[in-house]
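4 protein chains.
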Amino acid sequence: MVLDVCVIGAGRMGELHANSVAAHPGARLVTIADPDVDRAAANAASLGAEATSDVHAAITSDAIDAVIIASPTDFHVQHIELAANAGKTIFSEKPVGLHLDEVERCIETIDRLGVSLQIGFHRRFDPSFRAVKSAIEAGRVGDVLQVILTSRDPEPPPALYITGSGGMFRDMGIHDFDVARWLLGEEPIEVMAYGSNLIDPALGDAGDIDTAMVILRTERGSLCHINLSRTAKYGYDQRIEVLGTEGMAQASNRTPASTEVSTSAGIEASLPHYWFPERYTEAYTLEIAAFIDAASQGVAPGIGGADGLRAQRLANAATESVQTGKPVRVG
Amino acid sequence: MVLDVCVIGAGRMGELHANSVAAHPGARLVTIADPDVDRAAANAASLGAEATSDVHAAITSDAIDAVIIASPTDFHVQHIELAANAGKTIFSEKPVGLHLDEVERCIETIDRLGVSLQIGFHRRFDPSFRAVKSAIEAGRVGDVLQVILTSRDPEPPPALYITGSGGMFRDMGIHDFDVARWLLGEEPIEVMAYGSNLIDPALGDAGDIDTAMVILRTERGSLCHINLSRTAKYGYDQRIEVLGTEGMAQASNRTPASTEVSTSAGIEASLPHYWFPERYTEAYTLEIAAFIDAASQGVAPGIGGADGLRAQRLANAATESVQTGKPVRVG
Amino acid sequence: MVLDVCVIGAGRMGELHANSVAAHPGARLVTIADPDVDRAAANAASLGAEATSDVHAAITSDAIDAVIIASPTDFHVQHIELAANAGKTIFSEKPVGLHLDEVERCIETIDRLGVSLQIGFHRRFDPSFRAVKSAIEAGRVGDVLQVILTSRDPEPPPALYITGSGGMFRDMGIHDFDVARWLLGEEPIEVMAYGSNLIDPALGDAGDIDTAMVILRTERGSLCHINLSRTAKYGYDQRIEVLGTEGMAQASNRTPASTEVSTSAGIEASLPHYWFPERYTEAYTLEIAAFIDAASQGVAPGIGGADGLRAQRLANAATESVQTGKPVRVG
Amino acid sequence: MVLDVCVIGAGRMGELHANSVAAHPGARLVTIADPDVDRAAANAASLGAEATSDVHAAITSDAIDAVIIASPTDFHVQHIELAANAGKTIFSEKPVGLHLDEVERCIETIDRLGVSLQIGFHRRFDPSFRAVKSAIEAGRVGDVLQVILTSRDPEPPPALYITGSGGMFRDMGIHDFDVARWLLGEEPIEVMAYGSNLIDPALGDAGDIDTAMVILRTERGSLCHINLSRTAKYGYDQRIEVLGTEGMAQASNRTPASTEVSTSAGIEASLPHYWFPERYTEAYTLEIAAFIDAASQGVAPGIGGADGLRAQRLANAATESVQTGKPVRVG
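Protein chains in written order, with the working numbering: chain A, 5 to 335; chain B, 5 to 335; chain C, 5 to 335; chain D, 5 to 335.
This is the structure:
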């Protein structure tokens, strides 16, 4: 059986997912829908798909089995609910929404209708991160004691972008909160967060922070530290570390080259990938492959709506903690 | 202008190159030709190309501008000459041929007809290797004194394969001889080689070696060492090192993951890619992109027939050196 | 001028410092004093020094210029004050004392008498850590945004040891609080700490934790994370990382060997040093050399009593934060 | 039993060995002998030893059990024979002598008199190199196929030094020939060497080379490559690699710090140790400890006169190979 897929949104992530669908032998890319139909058409042309500006019709069309939602965040809930009511299998970029109540309502709808929703937490599919998770599952590090996550963007976004982003923890940290839950293997019950505006005053003026540190604590007492930054001059910095009773597992940065030049001045090695499309190329491909495989087999995706909801609650709690200066309990 | 391309051969390399052509915006994959037309059709289907068993017609067809030859080695010279006479721009997998006289004749034909021939020395396009070359060109290592090349296959080929391969230096070492010339920036004038059969007796029975060491010397006295092995249990081992008067540049192995697990037993890191399709993914894509770009602009490729010829002379000299136990001069 | 030195204490640290003094051309080891005179004599024999059980007389003797105090923590304040009143130049192992009031009183005495006191924060002398500090001072990382410190002992101490230790933050974390201040280049004004007992129940029974995470915040908003663990099966884990507006500086673990074994099972590298005497060999030597040099030149040591006091206040604040579950302000 | 030791020579190596003897609990440093008695006295003063200019008397004195010879190479044979006739246990710096016939005669004398002679091949005691050897002995790399040795000095010696040095292979390569034999676990039977003068014309004027590559072959067909250089701007480059049927073992360079600074310009790591006293600190200590232990127990040292002789034959063969341009057989 070949899965017929529609991609909503012809921006960077939409284009990326459309390419992944087209290249997957188990799926057929039927439509790319975007109000900017020229952009949709540009993506669709070389992939043998149709382009449309009618997002509503594209989502509910009988010609498709599954919908991949890469529209702007403001539209996620609306598009998910539309697709859910039409009985489609759904993949949605994170976050489901910026307001927790609408996210909760949306996930309830999904559950009530019994459709599948996979959230775009692509980092769980990164080969290096997966190998860390596998090491935990194989018992090689023993019981998890500490998780340390480093997550730094190479440069800050424009201040304009910040306004609709929900702030650093919801926009950028959401992935790290998901990775934290995944690696801890337990739910955090308390969040303490610090945030400063040290890099770009314009971000502060827009009401956001650009430098942050978080600690998560689980019921059992295992701990997770996340550090976030909107600058990393050496490139996109994405590292994870897990300490357990039997050892440690780490994933370090990935580089486009493995070259070293040694002179009297020092040994100079290749920099990491500069940004997420290069860093997570395989992860983006693998998450769509997992979505197609699960949809084709009619099984639930490994990362469902509840995961999206829980990561969002942690992001909200971190935001509140910075505002109140106190630890925040998470239900 | 879009370049119309025919790919000859539907084996592993042919399939790889066909995919690269199809994905390149400056080219159109018109035909895949292979006597085994089913295999050609399987490759062509998802790429929107035609399949044919008539290799002769495909090469000479007016509908194409350029030919990519990935047929078995025995057919390279015949296919190159056919394409040259039809005025096509040509890319051919290495080696041009197993016998030096036919290679020389073929290169002469190419030169006489004034057509372009790019040889499939993909390693020059590997991002890590290119960064080493760039460091040399930027003067960061000073004058080149020594080049050290490590080239080890993860496992030996079947003995049957050996028979038609031309032996370890022509089959496997040919790439290293090209890289040696490229990094030395001078022509080697003498070759000394040692070869042993230590890994698989069946290779020895087939008249070949499986463990080899070579030294190349240039007129100026700069030196290059190449070590070759038909086994490397830890994966495909492809490293280069250049020592100069001002420093050293190195490219180490590439890995599919960057994970480390530290326990009381040691720190265990991810293994290198196991074999060439994974190791040289970008290089294969980039060499075809360079071919398409040069062909579209009507300029000569960076790696021409003369490069193929010179690498082959070094491979022949190494083969002779093992047989005679003496250094061999190369003209 | 050669500095005449007395070492108080013939335990592990006392022996280490005695060796450093004996090997330094600018100092003479005159006495080793320990109530267990046999142990003192064993250390003194091969170093050409005298041994005595009379600690009081040794500290106040006219024959010595400087005292190195490596007695049990309970005796530090008493020995420091005795030496200060006798006008000696003083080096004391950390912590100055377990109770903040006695530490404050002791530092006041030192200041009033105008004598020099260097605290044994040896990590500031580690060549790798110093290179990080130098990179900051040279402006290579720009303004400091984040500091991340990893500090893990290979194995927990006996529960009995815990009782007199002051707890994980005062006993083990004190060094990290000093390194945090040194790298931040600013005083932390707030401390939030989490602590759990996950490794050895006996430590919990003794009222202590064995797994901890801390965040420090400065007035300006720069942040520091410290993670502490009483277990690290792969060896003593001592790493530092500084993120700034222009880049990052890191010091990774040191290893006794730089060997890698690559097999089909993975690439296995040498483990870090297992414990502090091997890890900080150079640091211990260099801190004593700095002490001798400063004392000989009559200048103040780079790390004075105020540093000891401030690190202790942070350790106390972290201890309080774990108890109250709230952030604690530091004056 | 404590071994009474005399050190001959108060130069850099003599001083190093004298310190190692003085610090070893199983030995007593009795005398340092050097025609330049002031230099001897300077070394002896802080170590509690006597200084003398009478080398002859020092070697034959009844007060000593063992002699460590660190005199200039020209005197090695004379001092060894003197010590041997006096029945002393002997350690001698490499090389035993510059002329093979005198070395052979000297080793015969040693054997005839039944005294012990350890040659100063300290690299066998380097912890990283030993770990490679242990991996081979433990069968982790399987049967040895290839050994690759990199041996580069940071800067060339003065031309004057070259004159009495015996040339690059005898002076500098001798250690590598020993390491080659040790790691191959078999005797090389053929040597091919290339040498050029590319770094310092003054070395060429003095009749020597400064850039060299060697291949050694054993009877069984295992191969070893050695590359030598009199320049390495990034520091003393000392690496070993062994490929076997089951994997690879490598020792990389050692560094004084493990610091990395990441900026937009690249990731800059600490350079290796600049020269041999820092690089091989532990090795020098351990070889003297091994000498003292073997002498105290009356057992033969692990590295005897025959090892010195065989390394020298390989160095001679390499020298001849460069002169004749042909491979040279070694008996």
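Here a beta-carbon is modelled for each residue, glycine too, at the ideal position from N, C-alpha and C.
Mind reading off the beta-carbon distance from residue i to residue j? Whole number of angstroms is fine, and I expect it under 8 Å.
i, j, result
"C:Leu247", "C:Ile111", "In fact, because the Cβ distance is near 33 Å, the residues do not count as touching under 8 Å."
"A:Ser24", "A:Tyr288", "6 Å"
"D:Ile114", "D:Gly309", "5 Å"
"D:Ser57", "D:Pro76", "Not quite, the Cβ-Cβ distance comes to about 15 Å (not below 8 Å), so this is no contact."
"A:Thr249", "A:Gly146", "3 Å"
Quick one: Cα of residue i to Cα of residue j, how far?
i, j, result
"C:Leu290", "C:Asp130", "8 Å"
"D:Val100", "D:Val107", "6 Å"
"D:His83", "C:Ala53", "36 Å"
"A:Ala46", "B:Ala293", "21 Å"
"C:Leu102", "C:Ala163", "18 Å"
"B:Trp186", "D:Thr154", "22 Å"
"B:Ala299", "A:His28", "31 Å"
"D:Gly335", "C:His277", "44 Å"
"B:Ala322", "D:Arg221", "16 Å"
"C:Ala139", "C:Arg109", "36 Å"
Can residue i and residue j be called in contact, C-beta distance under 8 Å?
i, j, result
"B:Arg333", "B:Ile193", "yes"
"D:Ala74", "D:Gly30", "no"
"C:Asn89", "C:Leu117", "yes"
"B:Leu20", "B:Pro281", "yes"
"C:Gly177", "C:Ile230", "yes"
"A:Asp180", "A:Asn201", "no"
"A:Ala216", "A:Leu227", "no"
"C:Val151", "C:Leu318", "no"
"A:Ile166", "A:Ala236", "no"
"D:Leu207", "D:Pro160", "yes"
"A:Arg243", "B:Thr267", "no"
"A:Val326", "A:Gly199", "yes"
"D:Gly270", "A:Ala26", "no"
"A:Leu275", "A:Tyr238", "yes"
"A:Ala70", "A:Leu51", "no"
"A:Glu190", "A:Glu141", "no"
"D:Ser98", "D:Phe79", "Before going further, note that residue 98 of chain D is Lys rather than Ser in the sequence given. No; because the gap between Cβ atoms is not below 8 Å, this pair is not in contact."
Exposed or buried, what is residue i when buried is set at 16 or more other beta-carbons lying within 10 Å of its beta-carbon?
i, result
"C:Asp311", "buried"
"C:Thr328", "exposed"
"A:Gly168", "exposed"
"A:Asp204", "buried"
"C:Gly302", "exposed"
"A:Ala255", "buried"
"B:Asp182", "buried"
"C:Arg16", "exposed"
"C:Val6", "exposed"
"D:Ala67", "exposed"
"C:Glu245", "buried"
"A:Asp42", "exposed"
"B:Ala304", "exposed"
"D:Lys330", "exposed"
"D:Ala49", "exposed"
"C:Asp175", "buried"
Three or more beta-carbon pairs under 8 Å between the stretch 256-276 of chain C and the stretch 126-140 of chain D, yes or no? At 8 Å Cβ cutoff, the stretches touch.
Decide if the stretch 87-102 of chain D is in contact with the stretch 62-71 of chain D; the criterion is three or more beta carbon pairs, one per stretch, under 8 Å apart. These segments touch.
Does the stretch 34-44 of chain A come close enough to the stretch 6-17 of chain A to have 3 or more Cβ pairs within less than 8 Å? The stretch 34-44 of chain A makes contact with the stretch 6-17 of chain A: 3 or more CB pairs, one atom from each, lie closer than 8 Å.
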